[in-house]
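By the count of my numbering, the sequence shown reaches residue 311 at its end, each step adding exactly one.
One structure is given below, encoded as structure tokens.
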Amino acid sequence: KNPAKKAIFDTKAREAFTKAYKLTNNPLMAFNVGLLFYNDYITADNAQRANIKTLQEINASKPVEKDPKKKAAVEAKYKEQTEPLKKANADLDVKMMDLTNSSIEWLENQYNIRLIVTAVATKNTEDIYITGNFNSWNPGDVNYRLKPFAAGRKAVVIKDIPAGTYAFKFTRGSFDKVETEGDGRDIADRVIEATDKDVTEDITIKGWKDNYPDKPKPYTASPQVKIIDTAFAIPQLDRKRRIWLYLPKGYATSTKTYPVLYMHDGQNLFNEQTAPFGEWGVDEILDSIQKANGKECIVVGIDNGGDK
């Protein structure tokens, strides 16, 4: 209820939100930082309000004593009840100010990533887009369409992005037209780091998926891999998922206990046939580890649902 303190908090909050929503080139990031700040700030503010209400109730129920001894006892009890609440509110003051300061610092600590496509194997006159974990892997996001650059090149600048590791690929508007190796093989996600400065990187696109007719993918899961359910019910999330199981060699006749590793993206773990961008070879890796040093584990793989 301190007007001066409230004015400081309000000014800081407005400053954080103003800076967040000025990042119009990445509204999702701006919204997220605003939401995170708001949720944390409100949680602390609500705790502070609850403490103030408790203090008011204690104060209202405090008996009025004229006898010095009784009065001293009442004051001692009152202090015992209220001091922890006052200290908690003082700590919350610090926390709330730290939250506002850290949100502003986070917003100011942004970097630019400039990606320049210097060569495209084919279809170089068509629009090219970048898609990645910074735009929810949207393959045709007009905000991330490459623009003409000097000497016939194309470029895109991802502006005001926080420090971190970013995965991405190039498309011509859909994942049916995603970039590939020069022979049509899928490529791993490209990765770039935004750390303490702006980043520029030159890139060559060797091929496009639609340049190559689909070939039947081989079944590559090892004999240790089985599908235990094609539509396992997960009632807590109101959905069903295919479940994969990797068992070490000799599991059927062993009396040992094994650690269990639960992994997302089950369709990518073991089998080339079910992995849209190439399998991860988890079964082959575990077979090799078992052969090299005898370490074994069970893997339970849970399919993703595309968007979740």
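Built from N, CA and C at the ideal position, the CB exists for glycine as well.
These numbers were taken from a predicted model, which means no experiment stands behind them.
Cβ neighbour criterion (16 or more within 10 Å) applied to residue i
i    : result
D201 : exposed
R244 : buried
D186 : exposed
T168 : exposed
K172 : buried
D241 : exposed
K294 : exposed
K229 : exposed
A76  : exposed
K69  : exposed
G304 : buried
K180 : buried
D306 : buried
K80  : exposed
G278 : The displayed chain sequence assigns Ala, not Gly, to residue 278. Label assigned to A278: buried.
L26  : Any reading at L26 needs caution, since the residue's pLDDT is 46, under 50, leaving its predicted position unreliable; the model's value is listed next. The residue in question, L26, is buried, as its Cβ has 16 or more Cβ neighbours within 10 Å.
Pairwise C-alpha distance: residue j and residue i
i    : j    : result
I233 : Q270 : One point to set straight first is that residue 233 is Thr, not Ile, in the sequence displayed. Distance between the alpha carbons of T233 and Q270: 11 Å.
Q51  : I61  : 15 Å
I55  : N49  : 10 Å
K90  : E78  : 17 Å
K150 : R188 : 26 Å
V67  : K74  : 7 Å
P165 : K65  : 52 Å
I195 : R175 : 20 Å
Q84  : P71  : 20 Å
W247 : A170 : 26 Å
P216 : E299 : 39 Å
N115 : A197 : 8 Å
G284 : T223 : 9 Å
A7   : E282 : 59 Å
A236 : G308 : 13 Å
L289 : V159 : 40 Å
A10  : E129 : 53 Å
G253 : I231 : 18 Å
N92  : E86  : 10 Å
I45  : V97  : 14 Å
G297 : D192 : 32 Å
P238 : W140 : 27 Å
F273 : A153 : 44 Å
E182 : I161 : 19 Å
N127 : F280 : 23 Å
P221 : T258 : 34 Å
P219 : V123 : 26 Å
A333 : M266 : Since the displayed the chain opens at 4 and closes at 311, residue 333 lies outside it and no answer follows.
A63  : K82  : 14 Å
V145 : I190 : 23 Å
N28  : D268 : At N28 the pLDDT is 45, less than 50, meaning the model places this residue with poor confidence; the figure from the coordinates comes in the next sentence. Rounded to the nearest angstrom, the two C-alpha atoms are 30 Å apart.
Whether residue i touches residue j by CB criterion (8 Å)
i    : j    : result
I131 : K157 : yes
S225 : D163 : no
P312 : Q276 : In this structure the chain extends from 4 to 311, so residue 312 is not present and cannot be described.
L118 : E184 : no
L58  : L88  : yes
S177 : G155 : no
I301 : Y249 : yes
T125 : N214 : yes
Y147 : N136 : no
M99  : A47  : yes
heavy atom of the ligand PLP below 7 Å from residue i C-beta
i    : result
W140 : The ligand PLP is not part of the structure shown, which contains no ligands of any sort.
task: Kindly confirm or deny that the segment 201–215 and the segment 244–264 touch, where touching means at least three C-beta pairs closer than 8 Å.
output: The way I'd put it, the segment 201–215 doesn't touch the segment 244–264; fewer than three beta-carbon pairs between them come closer than 8 Å.
task: Would you mind listing the beta strand (DSSP E) stretches within the segment 255–290 that are 3+ residues and don't spill past its ends, in chain order?
output: 263–266
query: Can you give, in chain order, each stretch of the beta strand (DSSP E) that sits fully within the segment 146–211 and has at least 3 residues?
result: With a minimum length of 3 residues, the continuous beta strand (DSSP E) runs that stay inside the segment 146–211 are 157–165, 167–174, 193–197 and 202–208.
- prompt: Can you list the alpha helix (DSSP H) stretches of 4 or more residues lying completely in the segment 58–139, in chain order?
  reply: 71–111
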